[in-house]
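The C-terminal position of the sequence shown is numbered 135 in the numbering used here, with every residue numbered one higher than the one before it. Backbone N, C-alpha and C define an ideal beta-carbon position, used for all residues, glycine too.
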Amino acid sequence: MREKIAESMKSAMKEQDKHRLPTLRLIQAAIHDRDIANRGAGK
């Protein structure tokens, strides 16, 4: 899933899609935050 989001971000950057790119960045940041929270919880 992370790879799919990264690929979508690359295509949104190339197409200069002003709606998709911030949404994908927000999703990626949420995934990253969850990873950090799980690391702290020992998961």
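| Check | Outcome |
| --- | --- |
| Rounded to whole angstroms, what is the Cα-Cα separation between ALA104 and ALA122? | 18 Å |
| Using the three-state DSSP reduction, which class does LYS202 fall into: helix, strand or coil? | Here the chain covers residues 93 to 135 and nothing more, so residue 202 does not appear. |
| MET93 by DSSP, collapsed to three states: which one? | coil |
| Quick check: what's the CA-CA separation for HIS111 versus LEU118? | 11 Å |
| Does DSSP put GLY134 in a helix, a strand or coil? | coil |
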